[in-house]
Amino acid sequence: MTTSEPVFPNPTSRRDPAHSRAETNPNDTAPESTWTLNDARELYGIQRWGLSYFGISESGNATVEAPTPAGVKTIEFSEILDGLKQRGLDMPVMLRFENLVDDRITQLHQGFASAIAKTDYQGEYRGVFPIKVNQQSHVIAEIARFGERFNYGLEAGSKAELLIALATLPSPESLIICNGYKDVEYIDLGLRALSMGLQVFFVIETPKELPMILDRAKHWGVTPCIGVRLKLSTAVDGHWSRDAGDRSLFGLTTLQLIEIIDSLREAEMLDSLQMLHFHLGSQVPNIRNVRDGITEACRFYVNLIKEGAPMGYFDIGGGLAVDYDGSASIDGHSRNYDLDEYCVDIVEAIMAAFRPHGIPHPTIISESGRWTVAPMSVLLFNILDVNDFQPQPLPDPLPENIHSSIDFLIDTLRHIEVRRLQENFNDAVYYRDQARKAFQIGELSLRERALAENICLTILHQIADRVPEMTRPPASLQSIKDSLSDIYYGNFSVFQSLPDAWAIQQVFPVMPLQRLDEEPTRNAIIGDLTCDCDGQLNQFVGTKSNTNTLRLHPVVEGEEYCLGVFLVGAYQETLGDLHNLFGDTNVVSVRVTCEGKLEFVHELKGDSIRDVLSYVEYQTDELFSQFEKRTDTALSDGKISIAQRGEILNLFSESLRGYTYFEQ
Ligand SMILES: *Cc1c(COP(=O)(O)O)cnc(C)c1O
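Residue 477 in this note's numbering is what sits at position 404 of the sequence shown, and the numbering runs on without skipping anything.
Here it is, written out as structure tokens:
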């Protein structure tokens with residue numbers, strides 16, 4: 074990976090007071106802004122993706138609308154930011170709202186309960202949370218606690234996750250679904266737990282697992298509960314669609330399924346086959362795919378009963394999607410259904426498929442991870458610096474006869490017209506490139522080249538300003554504005570905290586947390602701290618479709634400007650990596666009480682530099698003594714004094730203990 078090179082050179086730092094808020098002071102000749110809070114709501118799309126959990130207050134602050142047993146209580150993010158500061162928790166912070174996990178778990182169970190009641194479905198619903206979606210111990214503890222009243226269970230995809238499930242679930246009625254490849258130890262753990270009265274299901278992913286399970290079950294004298302994971306042929310729209318279909322990595326083919334039935338029958342263990350499992354993939358955007366998958370799976374279920382298996386459990390996996398961009402479409406970042414429709418469609422599809430066969434309705438299990446935990450977390454970070462691509466004021470009068478390329482650029486600048494914008498654009502870029510070539514062969518000085526770049530930038534800004542006057546602007550001209558946008562540098566790492574934004578170009582809603590009553594006048598992309606050109610956010614939720622830039626406010630000198638990235642509770646925390654050795658962020662869980670008070674319930678300090686160095690196998694004590702030797706040499710060479718040596722060593726060891734991010 075390479076470091077980024079700006080599209081246009083000469084960025085000027087916008088930390089100077091000329092760009093402060095005074096710029097839009099009403100005393101200026103600029104027209105008074107007609108900006109309203111509703112404009113902010115519309116621009117950032119908060120009503121479309123905010124799930125009624127997030128809003129904007131009259132004072133222009135982002136808010137969380139937390140459901141509590143005493144109704145919805147509003148807290149401003151500014152209060153949360155103050156609380157973090159008082160606790161000495163630096164940005165970036167991964168903030169979790171307990172109320173939102175609680176509410177989602179409740180909604181999920183109520184959604185299925187009401188679909189079941191409405192349709193007179195004869196079975197029940199049992200949810201399980203797939204641990205891989207957010208394994209953080211505090212999150213799992215909250216899920217276990219809030220889920221207890223519904224006997225909400227856990228899905229494990231590995232031995233480590235099974236250990237978490239076995240230890241944390243408070244109710245023995247909760248289901249534990251064991252997916253993933255299983256070795257003897259994994260199987261033994263599940264079987265011993267079964268004999269303790271826990272509800273453990275083994276989902277068979279490959280035919281090789283069955284003989285092992287039967288063998289160990291015989292050894293311990295336990296009757297296992299077995300499920301089979303199907304490879305459905307139903308295809309799924311969107312980005313995350315590789316979990317289903319013929320070539321999906323997981324699940325049994327029809328031939329393998331028959332092999333399993335025959336082996337079970339031969340071992341006189343067909344009674345253990347109680348569950349059918351499938352997982353269409355995460356983030357299924359189109360409800361039609363869900364229905365098709367259910368209908369196909371029902372055919373298998375009916376036939377397994379005909380083969381003599383008792384069955385009883387129908388596990389539809391995960392896939393319930395989050396509307397990240399608020400478009401309510403079948404685009405991969407969205408979905409064309411809501412929870413109620415999802416639940417009703419599933420229940421009805423099963424009933425319709427079973428009706429001709431008179432088969433009892435099974436217990437429906439779902440493994441919705443993303444939908445359950447995405448809303449609870451918001452990544453908070455502050456902006457450290459801004460680069461804009463504004464031209465400098467041009468010399469007056471403009472110098473002539475320096476070089477033909479500069480003369481042509483000046484000529485282009487003097488002839489910008491709406492009907493010739495494309496031509497103006499082509500000329501500007503062409504003569505700028507001529508000037509660059511002239512610099513390379515020594516015909517232009519450094520300052521002359523800077524003049525050429527500056528004139529070109531001036532032209533591009535003027536073109537971008539006039540593009541909206543065109544009746545049908547070509548795409549190449551429309552994108553000029555994006556390529557001239559500011560870069561806001563945020564105190565975070567995309568790779569650590571938003572890995573899917575990098576790996577699969579996922580769009581997350583991003584919004585300033587303050588000044589929302591003020592019109593955002595800058596167009597920006599967001600760069601992170603990693604000095605990697607991939608360490609940026611350049612896809613945002615737009616009003617009609619997703620956009621490449623985000624509108625933000627000019628940063629005011631001496632005033633913290635904070636952004637929130639929303640809906641990041643699923644998958645982001647554990648997929649994150651240590652690119653450039655930026656470690657785990659500070660994590661804070663808060664709860665809003667029935668009285669509408671904010672409580673900080675859990676704080677977890679992020680990695681120190683010492684921590685991340687040890688992850689990549691450095692012995693930090695050894696690093697310290699190596700450096701200490703250097704200071705000794707510098708001391709004996711007379712380069713530093715003994716007192717300075719002490720200070721330098723202190724600085725080194727303090728840095729080892731410090732946060733990996735930018736500290737104020
Ligand atoms: C990943 C996974 C899930 C969770 O999917 P979501 O889209 O997050 O709901 C559920 N079940 C299995 C088997 C999975 O692999």
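All C-beta atoms, glycine included, are put in the ideal place defined by N, C-alpha and C.
Keep in mind it's a predicted model, so treat the numbers as computed, not measured.
Among all the DSSP beta bridges, which residues are the ones paired with residue i?
| i | result |
| --- | --- |
| M167 | L452, V660 |
| A597 | D559, L623 |
| Q609 | G600 |
| P582 | DSSP, once it has assigned bridges, lists no residue as partnering P582. |
| C298 | F274 |
| C635 | N455 |
| A229 | C251 |
Could you give the distance in angstroms between the alpha-carbon of residue i and the alpha-carbon of residue j?
| i | j | result |
| --- | --- | --- |
| A426 | C371 | 6 Å |
| G123 | V137 | 9 Å |
| S77 | I560 | For S77, the predicted model reports a pLDDT of 41, less than 50, meaning its position is unreliable; a value from the coordinates is still stated below. If you take the alpha carbons of S77 and I560, they lie about 12 Å apart. |
| I360 | L393 | 9 Å |
| I299 | A266 | 14 Å |
| V145 | L227 | 28 Å |
| Y254 | P284 | 14 Å |
| S687 | Q699 | 16 Å |
| D650 | L328 | 40 Å |
| D694 | E676 | 27 Å |
| A401 | P472 | 55 Å |
| S450 | A501 | 46 Å |
| K291 | P280 | 18 Å |
| I483 | A511 | 16 Å |
| I260 | E282 | 9 Å |
| P203 | E720 | 50 Å |
| D101 | S566 | Confidence is the limiting factor: at D101 the pLDDT is only 45, short of 50, which leaves the residue's position unreliable and the question unanswerable from this model. |
| S618 | Y117 | 12 Å |
| V295 | M584 | 54 Å |
| A113 | L589 | 6 Å |
| V491 | I532 | 13 Å |
| A135 | L586 | 5 Å |
| V201 | E591 | 44 Å |
| T733 | L636 | 19 Å |
Any idea what DSSP makes of residue i, helix, strand or coil?
| i | result |
| --- | --- |
| F202 | strand |
| I249 | strand |
| K304 | coil |
| A95 | For A95, the pLDDT reaches just 42, beneath the cut-off of 50, and the residue's location in the model is therefore unreliable, although a value from the coordinates is still provided. Helix at A95. |
| D680 | coil |
| T704 | helix |
| R718 | helix |
| T136 | strand |
| Q347 | strand |
| I334 | helix |
| V488 | What sits at residue 488 in the sequence shown is His, not Val. Coil. |
| F655 | coil |
| E339 | helix |
| L283 | helix |
| F565 | coil |
| A425 | helix |
| F673 | strand |
| S439 | strand |
| K146 | strand |
Please return the same chain residues whose Cβ sits closer than 6 Å to the Cβ of residue i, not counting the five positions on each side in sequence.
| i | result |
| --- | --- |
| G390 | F351, H352, E440 |
| V309 | A317, L353, G354, V357, N362 |
| G381 | L343 |
| F481 | Y504 |
| D657 | G679, D680 |
| A238 | L227, A229, I249 |
| R718 | T704, L708 |
Excluding sequence positions up to five away, which residues of its chain have a Cβ less than 7 Å from the Cβ of residue i?
| i | result |
| --- | --- |
| L287 | A340, M342 |
| L524 | I479 |
| C416 | G184, F185, A188 |
| L722 | E701, T704 |
Enumerate in chain order the residues of its own chain whose CB-to-CB distance from residue i is below 8 Å, with the five nearest sequence positions on each side excluded.
| i | result |
| --- | --- |
| T750 | Since the first and last residues shown for the chain are 74 and 737, residue 750 lies out of range. |
| T647 | K205, N207, Q208, Q209 |
| N98 | Because the pLDDT of N98 is 44, which lies under 50, any placement of that residue in the model is unreliable, and the number read from its coordinates should be weighed accordingly. Around N98: no qualifying Cβ. |
| L325 | I277, E278, T279, P280, V301, R302, L303, K304, I333 |
| F373 | L303, L330, L349 |
| T436 | G196, E197, Y198, R199, G385, Y386, F387 |
* Does the segment 427-442 touch the segment 404-411, meaning 3 or more C-beta pairs lie closer than 8 Å? -> no
* **Segment contact flag, the segment 639-647 with the segment 201-218, C-beta cutoff 8 Å, min 3 pairs** => yes
* So, do the segment 571-584 and the segment 537-544 have three or more beta carbon pairs nearer to each other than 8 Å? -> no
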